[in-house]
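Asker: In this text, residue positions in the sequence shown follow our numbering: the first is 1233, and each later residue adds one.
The beta-carbon is built from N, C-alpha and C at its ideal position, and this holds for glycine as well.
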Amino acid sequence: MDGSPLAAPASLALSNCYWVLPGRLLAGEHPGGATASATRARLRRLLQAGVSTFVDLTEPDELAPYDAELPVSVVYLRFPVPDHGIPAEPSLGAGLRAGRTIYLHCRAGIGRTGMVAGCVLLEQGRSGDAALAELNRLWQHSGRAPLWPWIPETLEQTEYVRSWARPAFSAR
1233 MDGSPLAAPA SLALSNCYWV LPGRLLAGEH PGGATASATR ARLRRLLQAG
1283 VSTFVDLTEP DELAPYDAEL PVSVVYLRFP VPDHGIPAEP SLGAGLRAGR
1333 TIYLHCRAGI GRTGMVAGCV LLEQGRSGDA ALAELNRLWQ HSGRAPLWPW
1383 IPETLEQTEY VRSWARPAFS AR
């Protein structure tokens, strides 16, 4: 590890991420770093963790792009969701069914990412409250959990998970 605040624990690619579905869906913060070399190092750690698809929930001009740094074999998808907002209809199901390992992120990995990850857990057969409880148990593995103890970030995002009924995120 490089000793920086962005250095990851040995079991995680980045310190502010967590496995939603072990080996299949990793969720967390934007993989960009403070410099181009830091971004490349962070992407390398995610790729070494087996990530083969990146799902970016940030808006186009929200943060510096990183997709040009990815190998051609890696899939990059953007489903922009306004910060503190709710999504239109992003779909993770096809990537999960295809056996790809997905890294799901927004800016900080709290609101938008937590909301979509909660919907994935709900699609695994949990009730809304059970999905939120499991999401927050998993969230405790993120380095940000001590500073932000509950995800998703807003009440609207939490209610979105509780009421999720569409199969767009289905991992089955």
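1. Could you tell me the distance, in whole angstroms, from the CA atom of Ala1268 to the CA atom of Leu1278?
2. Within the same chain, show all residues whose beta-carbon is closer than 8 Å to that of Val1252, passing over the 5 residues directly before and after it, in chain order.
3. Below 7 Å between beta carbons: does that hold for Thr1333 and Ser1284?
4. Quick one: Cα of His1262 to Cα of Pro1297, how far?
5. Whole angstroms is fine: what's the gap from Ala1400's alpha carbon to Gly1255's?
6. Quick one: complete alpha helix (DSSP H) runs, 4+ long, within the region 1255–1318?
7. Mark Asp1361 as exposed unless 16 or more other C-beta atoms lie within 10 angstroms of its C-beta, in which case mark it buried.
8. Helix, strand or coil for Leu1253? Go by DSSP, reduced to three states.
9. If you reduce the DSSP assignment to three classes, tell me which class Leu1336 lands in.
10. Count the other CB atoms within 10 Å of the CB of Val1304; is the residue buried (16 or more) or exposed (fewer)?
11. Along the alpha helix (DSSP H) that carries Thr1390, what are the first and last residues, could you check?
12. Suppose the cutoff is 7 Å on Cβ atoms and the five residues either side in sequence are ignored; what does the same chain contact list for Ser1236 look like?
13. Label Asp1234 either buried or exposed according to how many other C-beta atoms from any shown protein chain fall within 10 Å of its C-beta, with 16 as the threshold for buried.
14. Where does the unbroken alpha helix (DSSP H) through Asn1368 begin, and where does it stop?
15. Roughly how many whole angstroms lie between the Cα atoms of Cys1338 and His1373?
16. Expressed to the nearest angstrom, what Euclidean distance is found between the alpha-carbon atoms of Val1307 and Phe1286?
17. With a CB to CB cut of under 7 Å and the five nearest residues on each side skipped, what residues in its chain are close to Trp1380?
Answerer: In short:
1. 15 Å
2. Leu1258, Ala1259, Leu1336, Ala1349, Val1352, Leu1353, Leu1367, Leu1370
3. yes
4. C-alpha separation (whole angstroms): 10 Å.
5. Residue placement at Ala1400 is flagged as unreliable, the pLDDT there being 45, under the threshold of 50; the coordinate-derived value follows with that caveat. Each residue's alpha carbon lies about 20 Å from the other.
6. 1268–1280
7. exposed
8. Three-state result, Leu1253: strand.
9. strand
10. exposed
11. 1387–1394
12. Confidence in Ser1236 is poor, its pLDDT being 34 and thus under 50, which makes the residue's placement too unreliable to answer from.
13. In this prediction, Asp1234 scores a pLDDT of 37, lower than 50, which makes its location untrustworthy; the coordinate-derived value is nonetheless stated afterwards. Asp1234 is exposed by the Cβ-count criterion.
14. 1360–1371
15. Distance between the alpha carbons of Cys1338 and His1373 is about 17 Å.
16. So the alpha carbons of these two residues sit roughly 6 Å apart.
17. Here the set comprises Ile1342.
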